[in-house]
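>
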Amino acid sequence: QRTQVGIVGAGPAGLLLARLLKTYGIDSVILEARSRAYVEARVRAGVLEQGTVGLLEQAGVAERLHREGLVHEGVELAVDGRRFRIDLAGLSGKAVTVYGQSEVTRDLIAARLAGDGPIVWEAADVELHDLESDRPRLRYSLDGVEHELACDFIAGCDGFHGASRASIPPAAGRSFERAYPFGWLGILADVPPCSDELIYASHPRGFALASMRSRTRSRYYIQCSLDEKIEEWPDDRIWDELKKRFGPEVAPHITTGPALEKSITALHSFVFLPMQHGRLFLAGDAAHIVPPTGAKGLNLAASDIHYLSRALEAHYRRNDPTLLAAYGETAAARVWKAERFSWWLTLAMHKLHPEHSFEAGMQRAEIDYLASSRAAQTVFAENYVGLPF
Ligand code: FAD
Ligand code: DHB
Numbered sequence: 005q006r007t008q009v010g011i012v013g014a015g016p017a018g019l020l021l022a023r024l025l026k027t028y029g030i031d032s033v034i035l036e037a038r039s040r041a042y043v044e045a046r047v048r049a050g051v052l053e054q055g056t057v058g059l060l061e062q063a064g065v066a067e068r069l070h071r072e073g074l075v076h077e078g079v080e081l082a083v084d085g086r087r088f089r090i091d092l093a094g095l096s097g098k099a100v101t102v103y104g105q106s107e108v109t110r111d112l113i114a115a116r117l118a119g120d121g122p123i124v125w126e127a128a129d130v131e132l133h134d135l136e137s138d139r140p141r142l143r144y145s146l147d148g149v150e151h152e153l154a155c156d157f158i159a160g161c162d163g164f165h166g167a168s169r170a171s172i173p174p175a176a177g178r179s180f181e182r183a184y185p186f187g188w189l190g191i192l193a194d195v196p197p198c199s200d201e202l203i204y205a206s207h208p209r210g211f212a213l214a215s216m217r218s219r220t221r222s223r224y225y226i227q228c229s230l231d232e233k234i235e236e237w238p239d240d241r242i243w244d245e246l247k248k249r250f251g252p253e254v255a256p257h258i259t260t261g262p263a264l265e266k267s268i269t270a271l272h273s274f275v276f277l278p279m280q281h282g283r284l285f286l287a288g289d290a291a292h293i294v295p296p297t298g299a300k301g302l303n304l305a306a307s308d309i310h311y312l313s314r315a316l317e318a319h320y321r322r323n324d325p326t327l328l329a330a331y332g333e334t335a336a337a338r339v340w341k342a343e344r345f346s347w348w349l350t351l352a353m354h355k356l357h358p359e360h361s362f363e364a365g366m367q368r369a370e371i372d373y374l375a376s377s378r379a380a381q382t383v384f385a386e387n388y389v390g391l392p393f
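Going by the UniProt record's numbering, the sequence shown opens with residue 5, and the numbers climb by one from there.
(1) Closer than 6 Å to a non-hydrogen atom of the ligand FAD - does that hold for the CB of CYS161?
(2) Within the stretch 118-174, note down every full beta strand (DSSP E) run reaching 3 residues or more, in order along the chain.
(3) Would DSSP call GLN280 helix, strand or coil?
(4) Could you name the residues of the same chain whose beta carbon sits closer than 7 Å to that of ALA315, not counting the 5 residues immediately before and after it, in chain order?
(5) May I ask you to check if the CB of TYR36 is nearer than 6 Å to at least one heavy atom of the ligand FAD?
(6) Does the beta-carbon of VAL149 have 16 or more other beta-carbons within 10 angstroms, so that it is buried, or is it exposed?
(7) Just reading off the beta strand (DSSP E) that SER206 is part of, what are its end residues?
(8) In this structure, does DSSP put HIS360 in helix, strand or coil?
(9) For TYR103, does the count of other Cβ atoms within 10 angstroms reach 16, so buried, or fall short, so exposed?
(10) For HIS354, which of helix, strand or coil comes out of DSSP?
(11) If the criterion is Cβ atoms closer than 7 Å, does the pair VAL100 and PRO16 meet it?
(12) Could you please give the first and the last residue of the uninterrupted beta strand (DSSP E) stretch that includes SER377?
(13) Quick one: Cα of LYS233 to Cα of ILE268, how far?
(14) On the three-state DSSP scale, how would you describe ILE258?
(15) Would you say the beta carbon of ALA270 is closer than 6 Å to some non-hydrogen atom of the ligand FAD?
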């Protein structure tokens, strides 16, 4: 078995890469550890930058997105009950689109399976070999039978816990990390959202976020401590806590209902460099993690794929190896800027310090400045809608 590009992982990064490569006439095989049903049901991000939407258009999978996605031209911040709006469109000339990651994934899987090429579901024990040669190989087993796939290149799109990054010899790479002493508890429910736009709330009880998937489906998050268990949070307790953190102006608009999904996520910042090793190219969560506050995780996976797909196109169609050689550096430069925004917004908005500490004063000043300065809001807007590729 052989292919041009072997792709490990059928998350947004791997699927988008496969689709874009197909538009350039480049063949690929995707190996995915999980089942299709599992991948399509995974609840994750919900906010797409304009650049991500552009890539999905280029990939020919944006029809349902444009029909069902909600275009948001602003976001709200609520600090200790005081609300202000950041006019994303007015300040940056761009908007974001609310459309769930699971919908993006479903659209990409449908396009792939309509004739682009194979996705090997439930591929077990994926191993990467000969990365430093010009004929790297992927080995995997399927229903107990071993298979081997010879490739020109391998794209490591298998997320934070995947096999790709782990195949790079320790001496050939370096990780940069930051952990945060709290998590996010997320709830998804079929109730109308409490507001037309997202609300990021900072409150003495902790951070909260009101988001949505559609006009009838809401997604909320609250800051929680890392040792809490989801069993300690019956639905009613989550709704009560959300109402407290959003305050008396917003609380009456929160419609409650049974949870479709509930989970706790730890918050991390992580960057692995270089993002390439021999003929292996890392993209998305395989190479970096951001805390979710800035809504950047999925969008960063998409921007990596923008650079990687163009570089492979230059290699195959124009015999130009320069973009591929520079991929790691080109992608990482944008990654660090999204890391910075996500880290800054996380530290600014979460309850981290005793109320009367210097650090709490700095947090308050940070948000007060954002509330009152057009220049600060422009910086926020430019980053939130996504820096140019
Ligand atoms: P993934 O989506 O992780 O896809 C990797 C794929 O590789 C998976 O399908 C996995 O099954 C597969 N895989 C793993 N190991 C192997 C292997 N050894 N062999 C073969 N296949 C393998 N971002 C936001 O912006 N907002 C959010 O609210 C948000 N919430 C999140 C909640 C959770 C629980 C997680 C984990 C992430 C969240 N993110 C969020 C981040 C965002 O979802 C990711 O940045 C995005 O999914 C990255 O896409 P990816 O394709 O790089 O990786
Ligand atoms: C969502 C998640 C985020 O991390 C964010 O900043 C905005 C929205 C969401 O899941 O809807």
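Positions of the beta carbon are idealized from the N, C-alpha and C atoms, including for glycine.
Let me lay it out:
(1) Taking the Cβ of CYS161 as the reference point, at least one heavy atom of the ligand FAD falls within a distance shorter than 6 Å.
(2) Within the stretch 118-174, the runs of beta strand (DSSP E) that reach at least 3 residues and sit entirely inside it are, in chain order, 128-133, 141-146, 149-160.
(3) Residue state for GLN280 is assigned as strand, using DSSP reduced to three classes.
(4) Within the same chain, Cβ atoms closer than 7 Å to the Cβ of ALA315 are found at LEU327, LEU328, TYR331, the five residues on either side in sequence being excluded.
(5) Looking at the sequence shown, residue 36 is not Tyr but Glu. Judged by the Cβ position, GLU36 qualifies as a neighbour of the ligand FAD at the 6 Å threshold, a heavy atom of the ligand being closer than this.
(6) With fewer than 16 other Cβ atoms within 10 Å, it is exposed.
(7) Counting along the chain, the beta strand (DSSP E) containing SER206 begins and ends at 203-206.
(8) Secondary structure at HIS360: coil, using DSSP grouped into helix, strand and coil.
(9) Classification for TYR103: buried.
(10) Judged by DSSP in its simplified three-state form, HIS354 adopts coil rather than helix or strand.
(11) Contact flag unset, no.
(12) Element bounds for SER377: n/a, residue is neither H nor E.
(13) Cα to Cα, the separation comes out at about 8 Å.
(14) If DSSP states are grouped into helix, strand and coil, ILE258 belongs with coil.
(15) False, no ligand heavy atom lies under 6 Å from that Cβ.
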